[in-house]
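Engineer: Protein chains in written order, with numbering that gives the first Met the number 0: chain V, 0 to 417; chain Z, 0 to 281.
Glycine included, every Cβ here is placed at the ideal spot set by N, Cα and C.
Since we're looking at a predicted model, the values are computed, not measured.
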Amino acid sequence: MAALRAMAKQLRDLLEVRLYRPSHFRIGLQDYFDLRTPDRALQSNSIHLAAAIDWICRAQDANGDGGVAARYRFSHGWMASYPETTGYIIPTFFNYAVLMRDDKYRRRALHMADWLLSVQHHNGAFPGHDVSQKSEPRVFNTGQALLGLVRAFRETGNEIYLQASIRAGDWLVAMQEANGAWNKFAYYQRAHTYYTEVDWPLLELFAATQTLSYYEAAVKHLEWTLSYQQANGWIDKCGFRDDAAPFLHTIAYTMQGWLESGATLQPEEPAKNIYVQAALRAAEALLHRYEIRGFMAGQFDRAWKGTVAYSCLTGDAQTAINWLRLYELTRDARFLNGALKLNDYVKSTQDLKSNNPGIRGGIKGSQPIWGRYIFYSYPNWAAKFFIDALMLEDKLLREFERPEGRYEHRHSLQKLES
Amino acid sequence: MNIVILCKSWNHKKVIEIVQALHAQELRVRGIIALAATPPRINLAQAVRKAHEHGLAHIMLAHFFSNNFDRHDHPHEFVAVNGVHPTHSRNGQWQIEKNHLSQPTIAEYARRQQIEMVSVRDLNSIACANALQQMRTDILLFGGVPIIRGNILTVPKICTLNVHMALLPEFRGMNVAEWSIFTGAPVGVTVHQVDSGVDTGAILYRETINVANCNSIAAMRARVSRQQHLVLAKCARLLVEKKLTLTPQQKAGGKQYYLMHEKLRKIVERRLAKGYQSNMDC
Numbered sequence: 000m001a002a003l004r005a006m007a008k009q010l011r012d013l014l015e016v017r018l019y020r021p022s023h024f025r026i027g028l029q030d031y032f033d034l035r036t037p038d039r040a041l042q043s044n045s046i047h048l049a050a051a052i053d054w055i056c057r058a059q060d061a062n063g064d065g066g067v068a069a070r071y072r073f074s075h076g077w078m079a080s081y082p083e084t085t086g087y088i089i090p091t092f093f094n095y096a097v098l099m100r101d102d103k104y105r106r107r108a109l110h111m112a113d114w115l116l117s118v119q120h121h122n123g124a125f126p127g128h129d130v131s132q133k134s135e136p137r138v139f140n141t142g143q144a145l146l147g148l149v150r151a152f153r154e155t156g157n158e159i160y161l162q163a164s165i166r167a168g169d170w171l172v173a174m175q176e177a178n179g180a181w182n183k184f185a186y187y188q189r190a191h192t193y194y195t196e197v198d199w200p201l202l203e204l205f206a207a208t209q210t211l212s213y214y215e216a217a218v219k220h221l222e223w224t225l226s227y228q229q230a231n232g233w234i235d236k237c238g239f240r241d242d243a244a245p246f247l248h249t250i251a252y253t254m255q256g257w258l259e260s261g262a263t264l265q266p267e268e269p270a271k272n273i274y275v276q277a278a279l280r281a282a283e284a285l286l287h288r289y290e291i292r293g294f295m296a297g298q299f300d301r302a303w304k305g306t307v308a309y310s311c312l313t314g315d316a317q318t319a320i321n322w323l324r325l326y327e328l329t330r331d332a333r334f335l336n337g338a339l340k341l342n343d344y345v346k347s348t349q350d351l352k353s354n355n356p357g358i359r360g361g362i363k364g365s366q367p368i369w370g371r372y373i374f375y376s377y378p379n380w381a382a383k384f385f386i387d388a389l390m391l392e393d394k395l396l397r398e399f400e401r402p403e404g405r406y407e408h409r410h411s412l413q414k415l416e417s
Numbered sequence: 000m001n002i003v004i005l006c007k008s009w010n011h012k013k014v015i016e017i018v019q020a021l022h023a024q025e026l027r028v029r030g031i032i033a034l035a036a037t038p039p040r041i042n043l044a045q046a047v048r049k050a051h052e053h054g055l056a057h058i059m060l061a062h063f064f065s066n067n068f069d070r071h072d073h074p075h076e077f078v079a080v081n082g083v084h085p086t087h088s089r090n091g092q093w094q095i096e097k098n099h100l101s102q103p104t105i106a107e108y109a110r111r112q113q114i115e116m117v118s119v120r121d122l123n124s125i126a127c128a129n130a131l132q133q134m135r136t137d138i139l140l141f142g143g144v145p146i147i148r149g150n151i152l153t154v155p156k157i158c159t160l161n162v163h164m165a166l167l168p169e170f171r172g173m174n175v176a177e178w179s180i181f182t183g184a185p186v187g188v189t190v191h192q193v194d195s196g197v198d199t200g201a202i203l204y205r206e207t208i209n210v211a212n213c214n215s216i217a218a219m220r221a222r223v224s225r226q227q228h229l230v231l232a233k234c235a236r237l238l239v240e241k242k243l244t245l246t247p248q249q250k251a252g253g254k255q256y257y258l259m260h261e262k263l264r265k266i267v268e269r270r271l272a273k274g275y276q277s278n279m280d281c
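1) Taking V:TYR372 and V:THR313 to be in contact with their CB atoms under 8 Å, please state how far apart those CB atoms are, rounded to whole angstroms.
2) List, in chain order, every chain Z residue whose beta-carbon is nearer than 7 Å to that of V:PHE340.
3) From the DSSP secondary-structure annotation, give me the bridge partner or partners of V:ARG137.
4) Give the DSSP-derived three-state secondary structure of V:ALA49 in the structure shown.
5) Which chain V residues sit within Cβ distance under 9 Å of Z:LYS13?
6) When you check each C-beta in the segment 18-52 of chain Z against every C-beta of chain V, which residues fall closer than 9 Å?
7) Taking only beta-carbon atoms, is Z:LEU5 less than 8 Å away from chain V?
8) Can you tell which of Z:ARG205, Z:ALA176, Z:MET164 and Z:ILE31 has its C-alpha closest to the C-alpha of Z:LEU245?
9) Helix or strand or just coil, what does DSSP make of V:LYS304?
10) Using the C-alpha atoms, what's the distance from Z:LEU131 back to Z:ASN1?
11) Determine the burial state of V:GLN132: buried for a count of at least 16 other Cβ atoms within 10 Å of its Cβ, exposed for fewer.
12) Report yes if the CB atom of Z:TRP9 is closer than 8 Å to the CB atom of Z:ALA33, and no otherwise.
13) Using the C-alpha atoms, what's the distance from V:LEU325 back to V:ARG35?
14) CB-CB under 6 Å to V:GLU416, same chain, minus the five flanking residues each way: which ones, in chain order?
15) Would you grab the beta carbon distance between V:GLN317 and V:TYR252 for me? Rounded to a whole angstrom, and I think it's under 8 Å.
16) Among V:ASN354, V:GLU398, V:ASP343 and V:ASP64, which has the Cα closest to the Cα of V:LEU41?
17) To which residues of the same chain is V:ALA112 closer than 7 Å at the C-beta, ignoring the five residues directly before and after it?
18) For chain V, find out if any of its Cβ atoms is closer than 8 Å to the Cβ of Z:ILE266; answer yes or no.
19) Please specify which runs of the alpha helix (DSSP H), each continuous and at least 4 residues long, are wholly inside the segment 5-31 of chain Z, giving them in chain order.
20) How far does the alpha helix (DSSP H) with V:HIS110 in it reach, from first residue to last?
21) Within the 8 Å Cβ cut-off, does V:PHE385 reach chain Z?
22) Kindly identify the DSSP beta-bridge partner or partners of Z:THR207.
23) Quick one: is V:ARG324 near chain Z, going by C-beta distance under 8 Å?
24) Considering Cα atoms alone, identify which of V:GLN229, V:SER260, V:LYS236 and V:GLY168 is closest to V:ARG280.
25) Here's the rule: buried if 16 or more other CB atoms are within 10 angstroms of the residue's CB, otherwise exposed. What is V:LYS346?
26) If you reduce the DSSP assignment to three classes, tell me which class Z:LYS254 lands in.
27) On a Cα-Cα basis, can you pick out the residue from Z:VAL117, Z:HIS53 and Z:PRO168 that is closest to Z:ILE282?
28) Since Z:LEU140 contacts Z:ILE17 with CB under 8 Å, what's their CB separation in whole angstroms?
29) Helix or strand or just coil, what does DSSP make of Z:CYS234?
30) Would you kindly work out how many angstroms separate the C-alpha atoms of Z:VAL267 and Z:GLN248, rounded to a whole number?
31) Evaluate the contact criterion for the segment 104-122 of chain V versus the segment 57-70 of chain V: three or more CB pairs, one atom per stretch, below 8 Å.
32) Whole angstroms are fine: how far does the CA of V:LEU391 sit from the CA of V:LEU98?
33) Compute the Euclidean distance between the alpha carbons of Z:ARG135 and Z:ILE157, then round it to the nearest angstrom.
34) Can you look up V:GLU83 in the DSSP assignment and give me helix, strand or coil?
35) Run the CB neighbour count on V:MET6, radius 10 Å, all protein chains shown included, and call it buried at 16 or more, exposed below.
36) If you reduce the DSSP assignment to three classes, tell me which class V:TRP77 lands in.
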C-alpha cells in the first residue's frame, strides 16, 4: 500500500512539473541520460553569454513591472519579480552594456533600479520573497538590492538612488547585533556567515557616501564571520538551514563576500588582505576536491566532501567567478584553470535551441533538473552569475592575446645540488 | 639487485623505454607488474552518454581496439595507450586509423628479454604486494601508475622511485611540463622517492631540459619523456652504487597542479611555437 502511495505521489509530482510538455520532457530526458553538450561542440562564450542575457531580458519582460522574474518553473511558468536578485542583476547589465556598447542593456538596468525603488519598504528595507507574496523585510535581500542601487547611482549620479541606498544601509546598520551578526530579519531568524555578501554592498555604500557607520558595520560582521572558519578552510554557519551540508550556492556567497570586501578594503595589495586570504583557504580546498573528483557536488560537508550526486549550477557559476577573481588577485593559474572547466560545465547544460522561452538560454538550478537546489526551475540568479563568470573569463583570457614579454611566474626555484 | 617496474597497462610504451634505458646502464629488470585487462562494464545510460559525446563510431572502434575502454575513453588517452592515432573527420566524429599497431607490447618485449611478468587486478592489492615480495624487489620503479598505497611502497628493500615531468617541489601533480611553460618556469625532470603524498617524496635528482626547439606540446613531451627515462635509469645506477643522497622536499614550496584546460593548452602551444625560453635561471 505504501509503495502504491509513493508511486501515486511520484506521478502527481511529474504531472505538477508538466513533464508532458515537449520542451520539459526533452530536458528531463537529456538530464536522465546526462546528455550535456560535449566539450568539442560547445559554442564560444559570446554565444552562451548572449543567450543568457536574452533569457534575463525575457524574464524582465515577463511581468512588465521592470523587475526580473525570480525564475521559470516547470510547474507554473514565469514567477513574479524578485527584488533581491534584480538588485544584483543591475551591475551585470551595466557591465554587459559597456561590453556590447549597447545602451539598451543600460536602460534595462535603470528600469530594474526604478522598480526596486517602488518596492522598498518605508524603513529602507527590501522584502524577502518575490513580490507575489507579502513578505517581511530581510537583511540579505536588502544587501543585494543595495548593490544594484549604489551601482545605479554611480552610473547616473541620480540622488534618488543614493537616498534609497542610504535608507537601506541605515536599516542594515540598525538591525545588526552587538557582536556583528544579523539575527533579526535573517533567513530562518538566525545568523549566517554567508551574509558577507551584505558586507560588500555596505562597503560600496561607504565608498559612495564616506559614512563611517557602513564601514564599521561591514568590518564588524566580517570579523564575526572569520571566527567561524576552520583550519581546513571550511566555514561554519554558511547554510540556509542545513549547516551539516550547505549548498555550494551559499558557500560561494560567503567566499565572494570575503573576496570583494577584502579587495575593496585593501585595493593596493588585495592578495594580502585577511578576508581575501580566508576566501583563498576555502577556494583551495574546493578546487582540490573538484579537480580530484572531476565533478562539483551541489552540497558539501565540513570535510569538503560532496554529499550529493547533483550539481548546483548557480553555485558552480559563482565558484567560477570566485576562482577567476582569485586568479586576478593572486595570479595562481590553477584557479583560472578550474574556473574554465566549471564554466564549460555550466555551458554544457545550457539549452540554446529550445522553443520554450523560459528554457532557451536559461541556467537550471540543479543538474540534473530534479536536484535539490531550486528543482525543476531556471532561476534568474543562475543566469546572472553565469553571465558574470563568462564576462570575467573573457576579460582575463584577453590578457594572453597581447604580445607576451616575460611570463608571470611566482615560483622561486631553488638550485638543488644533484 | 632486483629492479621491478610497476605500470598500469600492458600496452604502455613508456615501460619498454625504461627497460631499454636500464639495460644501457647495465641494469637488468627482474619483473614487470601491470594491471590485468578488464572487460568494459558500461550501463545503458553511460553508453548513450558516450555515444552522444564521441559518436557511435568511436565507441565501436574503441571497443574493438581496446580492452581497457573504461579507463581510457578519451580519444587522446586512447592514443597514448594504444599507439593509435585518431583523426577528426568532417562530421566531427572521432575516427581511428590503424598504424603503429606493429609495435611490440610490453608483454611481447618482456617475453623476448625474459623478464618476469605478473598481471594484477589492482596495483594496490595484496596480490601485487605478494608478487613484489616473491621477486625480492630491491628497487621499484613507476612506469605510469595511478595512486599507489603504502602497502606497496613499503615492500621494496631500498626504495620506490618515480620520475616526474617537471622540477619538484615547484610543480606537483598533472600536466606539469605544460604548467611549467604556462607559468614561465624552466622545463625539467625530477627523480624522487615515492611516499604517500602526490609527488612529495624526497628528491634524488633533477635536471632542466631545453625545449626551445620543441614547437608543440607533443614534441616537448616527447623530448622530456625521452630524457626522463634516461635520468631514471641513471639514478637507479647511482642508487645501486650508493652514490645518491636524498633531499627532503619543502612541501610549502610547491603547488599541486591538475589537468590543464584546452584554452590554456593553446596558450602553451603558442609559446612553444614561438620558441619557449624560461624567465627563470635554474
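Structural biologist: Looking at the coordinates:
1) 7 Å
2) Checking the sequence shown, residue 340 of chain V turns out to be Lys, not Phe. Those within 7 Å of V:LYS340 in chain Z are HIS260.
3) V:PHE125
4) helix
5) Result: empty, since nearest Cβ-Cβ is about 23 Å, beyond 9 Å.
6) LEU43, ALA44, GLN45, VAL47, ARG48, HIS51 and GLU52
7) no
8) Z:ARG205
9) coil
10) 10 Å
11) exposed
12) yes
13) 28 Å
14) Because the pLDDT of V:GLU416 is 37, which lies under 50, any placement of that residue in the model is unreliable, and the question is left without a value.
15) 7 Å
16) V:ASP343
17) ILE89, GLY147, LEU148, ALA151 and TYR160
18) yes
19) 12-23
20) 102-118
21) no
22) Z:GLY187
23) no
24) V:GLN229
25) buried
26) strand
27) The structure shown does not extend to residue 282 of chain Z, since chain Z spans only 0 to 281, so no value can be given for it.
28) 6 Å
29) helix
30) 27 Å
31) yes
32) 11 Å
33) 11 Å
34) helix
35) exposed
36) strand
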